[in-house]
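Note sheet for the following structure.
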Amino acid sequence: MAFYRHFVARPDFEIKVITNCGTFPAQSVSYQPTIFGPSRLTNRLLRTRLMPWLYGLHSLTAWGRVPTAVWQVARSFNPDLVFTIAGSWDYSALVAEQVARRLKVPLAASFNDWFSYGWFPAHSIYHRMIESRFRRFYQEADLAFCTCEGMQEALGPHPNAHILYPMGAPMADALSPFRPFVKTDRRFVVVFAGSLADWYGPMLEHLVMAAQAHSAPVEFRFYGSNPSWSRKFAEYAKSQHIYRGHLPFEQLRQEMAGADALILPMGFDERCAQVERTSFKTKFLDYLSYQKPILVWGPEYCSAVRVAQEFDSAEICTQPDAAVMLGKIMAVCNAPDRQSALVHHARRMYEDRFHPDKIHGGLVQKIHETVECQKRKVKRENRK
1 MAFYRHFVAR PDFEIKVITN CGTFPAQSVS YQPTIFGPSR LTNRLLRTRL
51 MPWLYGLHSL TAWGRVPTAV WQVARSFNPD LVFTIAGSWD YSALVAEQVA
101 RRLKVPLAAS FNDWFSYGWF PAHSIYHRMI ESRFRRFYQE ADLAFCTCEG
151 MQEALGPHPN AHILYPMGAP MADALSPFRP FVKTDRRFVV VFAGSLADWY
201 GPMLEHLVMA AQAHSAPVEF RFYGSNPSWS RKFAEYAKSQ HIYRGHLPFE
251 QLRQEMAGAD ALILPMGFDE RCAQVERTSF KTKFLDYLSY QKPILVWGPE
301 YCSAVRVAQE FDSAEICTQP DAAVMLGKIM AVCNAPDRQS ALVHHARRMY
351 EDRFHPDKIH GGLVQKIHET VECQKRKVKR ENRK
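Mapping to this note's numbering: the sequence shown position 103 is 103, numbers consecutive.
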């Protein structure tokens, strides 16, 4: 979604999309993508018990080839720059690098997530080698975009690396003035919208159960896909209208009008520490556009906590205990002035650093500078 907002929704670039992803967002697109994938033999082998081994090897080498259809389309389009998403890691980044080198144009790579985030079935024997290749790919890129300071710190120095935060939704032109929740007979409505996979589902499950145990006057509404909570809670969340499924963005925006606060969980376990250190959740920036109090629940080192502390743009809980997080929710619920302050500070955060126009402008500037630098380099070489 973030790069759809950069390259499709805005007119600054002429693009040709070549991807190994066979599914696309629900919104209509103005381009016809070229889709590629592993050979028939590789696909067949990936459906066997050899899959973890072959996936790891493929992630390291891409079998050393650029698919013919990819090369024909790329050569015909004759781009000034090749852009790829390198994190989380996928063999398509290696294909993109080979295309850029053969065309003698700059390679720009975005590092949105740590190499192993999400579905990553490579055998553990490959993880250290793939991480090394991921880091080397960062050094080889002519232009590297890091999604937050934590990612740049983890990957280290680079002569042309820049922070490129995800581009959130723009704030509506005609937002109704914020009115804080004042305790009445109705419950305080807390909304989550985003991925419910991985550790996020269980965190929210524990929070709901804590609220139930303490008879807290809170109503939870969760929107998203792939919930990873327990089967028992899945039934409960559906019956109580807590889980409301995945909605298109514009419909979700309408649902947010009924929220009193928005919650952003970030994982505490050691197994997800590197992912949370190096990611910046787009939903945090989408939340800014709704102008509601935000609650961030995560460890001190995660990017959302660091930025929220800088701007005082969210109420923060850095303890993993769901009961402690519930206490933060109730504190905000009972403090109308704090609610108003959080919304005001979130607006300042949006305008100061996270306005979509500012983020997009930074991407456009760095791409143009990199392309012009490459052109000057080619001219010098041609004079020799």
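The C-beta atom is built at its ideal place from N, Cα and C for all residues, glycine as well.
Could you check where the alpha helix (DSSP H) with residue i kicks off and where it finishes?
| i | result |
| --- | --- |
| His-368 | 356-383 |
| His-127 | 127-140 |
| Trp-297 | Counting along the chain, Trp-297 falls outside any alpha helix (DSSP H), though it belongs to the beta strand (DSSP E) covering 294-297. |
| Cys-302 | Unbroken run through Cys-302: none, as it is neither H nor E. |
| Val-343 | 336-349 |
| Ala-385 | With the chain covering only 1 through 384, there is no way to say anything about residue 385. |
If you reduce the DSSP assignment to three classes, tell me which class residue i lands in.
| i | result |
| --- | --- |
| Ala-26 | The pLDDT assigned to Ala-26 is 45, lower than 50, so where the model puts this residue is not dependable, and the model offers no usable value. |
| Glu-315 | strand |
| Leu-264 | strand |
| Ile-329 | helix |
| Leu-247 | coil |
| His-214 | coil |
| Phe-3 | helix |
| Phe-145 | strand |
| Glu-219 | strand |
| Arg-192 | The amino acid occupying residue 192 in the given sequence is Phe; Arg does not appear at that position. Note: Phe-192 maps to strand in three-state DSSP. |
| Ala-9 | coil |
| His-206 | helix |
| Thr-48 | coil |
| Trp-53 | helix |
Check for me: the beta strand (DSSP E) holding residue i runs from which residue to which?
| i | result |
| --- | --- |
| Leu-107 | 107-111 |
| Arg-179 | Unbroken run through Arg-179: none, as it is neither H nor E. |
| Ile-85 | 82-87 |
| Ala-93 | It is not in any beta strand (DSSP E) - Ala-93 instead sits in the alpha helix (DSSP H) that spans 92-103. |
So, residue i versus residue j, is the Cβ gap smaller than 8 Å?
| i | j | result |
| --- | --- | --- |
| Cys-148 | Leu-155 | no |
| Val-73 | Ala-100 | no |
| Pro-166 | Phe-280 | yes |
| Asn-20 | Phe-3 | no |
| Ala-144 | Ala-161 | yes |
| Val-182 | Glu-219 | no |
| Gly-150 | Arg-277 | yes |
| Leu-285 | Ala-314 | no |
| Ala-86 | Ala-109 | yes |
Please look up how many angstroms separate the CB atoms of residue i and residue j, rounded, as I've assumed it's under 8 Å.
| i | j | result |
| --- | --- | --- |
| Trp-297 | Leu-264 | 7 Å |
| His-123 | His-360 | No, His-123 and His-360 are not in contact; Cβ-Cβ is about 39 Å, not under 8 Å. |
| Met-266 | Cys-302 | 4 Å |
| Val-385 | Met-256 | Since the first residue shown for the chain is 1 and the last is 384, residue 385 is missing from the structure and cannot be characterised. |
Is residue i a contact residue of the ligand NAP, with contact defined as CB to any heavy atom under 7 Å?
| i | result |
| --- | --- |
| Met-325 | No copy of the ligand NAP occurs in the structure displayed, which carries no ligand at all. |
Three or more C-beta pairs closer than 8 Å, one from the segment 372-381 and one from the segment 213-225: is that the case here? Not touching, per the Cβ criterion.
Counting pairs of beta carbons, one from the segment 285-303 and one from the segment 341-358, are three or more of them closer than 8 Å? yes
Touch test, the segment 310-329 against the segment 123-138, Cβ-Cβ under 8 Å, three pairs minimum: no
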